[in-house]
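Engineer: For the sequence shown, this note's numbering assigns the number 7 to the initial residue and increments by one for each residue that follows. Note that CB positions come from ideal geometry on N, CA and C, so glycine has one too. Structure incoming, see below.
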Amino acid sequence: MNFLEKLKNWQGLINQRLDQSLPAGHIQPEQLHLAIRHSVNGGGKRLRPILMLAAHEIFPGILDPFPAALAIECIHTYSLIHDDLPAMDDSDMRRGQASCHKAFDEATAILAGDALQPFAFELLSTSYSCHPELAIDLIQMLARASGSQKLVGGQMQDLLSEGTMPDESTLSYIHSNKTAVMIETALKMGFRMGSQGVNREKLSIIGEAGHFLGLAFQAVDDLLDVTKTSLELGKDAHQDDESGKVTWVSLKGLDEAHRLAEEHSNNAIQTLDSVGGDTNFLCELIYFMLKRKF
Ligand code: GRG
7 MNFLEKLKNW
17 QGLINQRLDQ
27 SLPAGHIQPE
37 QLHLAIRHSV
47 NGGGKRLRPI
57 LMLAAHEIFP
67 GILDPFPAAL
77 AIECIHTYSL
87 IHDDLPAMDD
97 SDMRRGQASC
107 HKAFDEATAI
117 LAGDALQPFA
127 FELLSTSYSC
137 HPELAIDLIQ
147 MLARASGSQK
157 LVGGQMQDLL
167 SEGTMPDEST
177 LSYIHSNKTA
187 VMIETALKMG
197 FRMGSQGVNR
207 EKLSIIGEAG
217 HFLGLAFQAV
227 DDLLDVTKTS
237 LELGKDAHQD
247 DESGKVTWVS
257 LKGLDEAHRL
267 AEEHSNNAIQ
277 TLDSVGGDTN
287 FLCELIYFML
297 KRKF
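This is the structure in structure tokens:
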């Protein structure tokens, strides 16, 4: 299988497993489960679960990595649902369709996001219960990444900084936590599940590579926000400018944002060099993410 075939194959498997794992739409309360399914099954590139599978493949282990991959996608989707709410980014479109609060209502969207969080931890704790040390590590990694000093903290600082001119260190804090942390955590969780996963030194190198990749992903996201249409992106474009958000593009211009995206991607690949194992797919994925068009 070449790179693109494998990517599509994994996307298909992730979609299938998500569909099988989520509570069915007819289960009470139907509206809540339909809203969850609307957002989770509504598309999405599935980059975080794919990154997790790619990191697992460096030194593959014997356990099924898919439940962990689904768990991170559930946390990511909850963050998108809540980010789209009127109290946050107020976006009408997500993943090429109406955002959750537009398709349902605000209260339902809040609850759909709420429900996806415990669901992610239920997946981890039940799927890996025969390997308690692994289960605890994975739960800790995902819980820390989604907490007040990481994902939620990054989102809070992003909202607090709207309409202001944040300095570079505040902007780095926002990007590191709002965006890079989940990418870093996807790689670390995937690697932790592999046969060399308890090697703390290698785990920390994987985290560092994930951090660079996350910063590259954010720079590309900022570039796409100004250069593409909502139809092309499947979500509201030009949001950063409209909501008074400072990005690397507004701070330094398009060329510098391009340069940063390339530099961070190259740093991610160089960092992976010292880990050993099979990083071929992961390195191709890093370039694919750099060149992505939506
Ligand atoms: C509400 C706690 C909380 C956090 C929200 C997700 C997020 C944090 C903000 C979304 C705004 C944004 C542009 C974030 C940076 C990059 C990002 C997470 C983009 C969306 O990820 P993709 O492109 O989305 O991988 P898909 O739909 O493909 O999964």
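Given that a residue counts as buried once 16 or more other Cβ atoms are within 10 Å of its Cβ, and exposed if not, what is His-32?
Structural biologist: The residue is exposed, with fewer than 16 neighbouring Cβ atoms inside 10 Å.
Engineer: For Met-99, which three-state DSSP category applies?
Structural biologist: DSSP places Met-99 in strand when its eight states are reduced to three.
Engineer: Name, in chain order, the residues that DSSP records as bridge partners for Ala-30.
Structural biologist: Its beta-bridge partners do not exist; DSSP assigns none.
Engineer: According to DSSP, is Ala-74 part of a helix, a strand, or is it coil?
Structural biologist: DSSP places Ala-74 in helix when its eight states are reduced to three.
Engineer: Taking only heavy atoms of ligand 1 into account, decide whether any of them is closer than 7 Å to the Cβ of Met-94.
Structural biologist: Indeed, a heavy atom of ligand 1 lies less than 7 Å from the Cβ.
Engineer: DSSP puts Ala-104 in a beta bridge; with which residues?
Structural biologist: Its beta-bridge partners are Met-99.
Engineer: My understanding is that Ala-215 touches Ala-274, with C-beta atoms under 8 Å, so please give their C-beta distance in whole angstroms.
Structural biologist: Rounded, the Cβ-Cβ distance is 5 Å, consistent with contact.
Engineer: How big is the Cα-Cα spacing for Lys-194 and Gln-276?
Structural biologist: So the two alpha carbons sit approximately 17 Å from each other.
Engineer: With a Cβ-Cβ cutoff of 8 Å, do Gly-220 and Glu-190 count as a contact?
Structural biologist: Yes.
Engineer: Reducing DSSP to helix, strand and coil, say where Gln-155 ends up.
Structural biologist: DSSP places Gln-155 in coil when its eight states are reduced to three.
Engineer: Thinking just about the alpha-carbon of each residue, which of Gln-34, Ser-27, Phe-9, Ala-104 is nearest to the one in Gly-48?
Structural biologist: Closest by alpha carbon: Ala-104.
Engineer: Going by DSSP, what residue range makes up the alpha helix (DSSP H) through Tyr-179?
Structural biologist: Counting along the chain, the alpha helix (DSSP H) containing Tyr-179 begins and ends at 174-180.
Engineer: Is there contact here, the segment 194-213 with the segment 233-253, by at least three beta-carbon pairs under 8 Å?
Structural biologist: These segments do not touch.
Engineer: Of the choices Leu-230, Arg-43, Leu-288, whose alpha-carbon is the least far from that of Phe-125?
Structural biologist: Considering only alpha carbons, the answer is Arg-43.
Engineer: Assuming Ala-60 and Leu-209 form a contact by the criterion Cβ under 8 Å, report the distance between their Cβ atoms to the nearest whole angstrom.
Structural biologist: About 15 Å separates the two Cβ atoms, so there is no contact after all.
Engineer: Are Arg-298 and Val-204 close, meaning C-beta to C-beta below 8 Å?
Structural biologist: No, these two residues do not count as a Cβ contact at 8 Å.
Engineer: Does the separation of the CB atoms of Leu-296 and Val-255 fall below 8 Å?
Structural biologist: No, Cβ-Cβ distance for Leu-296 and Val-255 is not below 8 Å.
Engineer: Return the CA-CA distance between Arg-100 and Gly-50, expressed in angstroms with no decimal places.
Structural biologist: Their backbone Cα atoms lie some 9 Å apart in a straight line.
Engineer: Go ahead and label Glu-11 buried or exposed: buried means 16 or more other beta carbons lie within 10 angstroms of its beta carbon, across all protein chains shown.
Structural biologist: Looking at its Cβ environment, which holds fewer than 16 other Cβ atoms inside 10 Å, Glu-11 is exposed.
Engineer: Using 8 Å for Cβ pairs, my map puts Val-249 next to Glu-168. What's the rounded Cβ distance?
Structural biologist: Reading the sequence as shown, one finds Ser at residue 249 and not Val. So it is a contact: roughly 6 Å between Cβ atoms.
Engineer: Mind listing, in chain order, the continuous alpha helix (DSSP H) runs of no fewer than 4 residues lying wholly within the segment 200-262?
Structural biologist: The qualifying runs are 206-233, 236-239, 245-248, 254-258.
Engineer: How many Å lie between Gln-17 and Ile-64 at the Cα?
Structural biologist: In a straight line, the C-alpha of Gln-17 is about 19 Å away from that of Ile-64.
Engineer: Can you tell me whether DSSP reads Thr-185 as helix, strand or coil?
Structural biologist: In the structure shown, Thr-185 sits in a helix (DSSP, three-state: H, G or I).
Engineer: Out of Arg-150, Ser-182, Ser-131, which one is the CA nearest neighbour of Asp-164?
Structural biologist: Residue Ser-182 is the option with its Cα nearest to Asp-164.
Engineer: Should Asp-70 be labelled buried (16 or more other beta-carbon atoms within 10 Å of its own) or exposed?
Structural biologist: That one is exposed.
Engineer: With respect to 7 Å, is the separation between the Cβ of His-270 and the closest non-hydrogen atom of ligand 1 below this value?
Structural biologist: No, the Cβ of His-270 stays beyond 7 Å of every heavy atom of ligand 1.
Engineer: With a 10 Å radius around its C-beta and 16 neighbouring C-beta atoms as the bar for buried, classify Thr-185 as buried or exposed.
Structural biologist: Per the 10 Å Cβ criterion, buried.
Engineer: Should Ser-236 be counted as a contact of ligand 1 given a C-beta to heavy atom distance under 7 Å?
Structural biologist: Outside the cutoff, so no.
Engineer: If you measure between the beta carbons of Leu-130 and Ala-141, is that distance less than 8 Å?
Structural biologist: Yes; because the gap between Cβ atoms is below 8 Å, this pair is in contact.
Engineer: For Glu-79, count the other beta carbons within 10 Å of its own beta carbon; 16 or more makes it buried, fewer makes it exposed. Which is it?
Structural biologist: It counts as buried.
Engineer: Could you give the distance in angstroms between the alpha-carbon of Phe-218 and the alpha-carbon of Gln-34?
Structural biologist: The alpha-carbon atoms of Phe-218 and Gln-34 are separated by roughly 43 Å.
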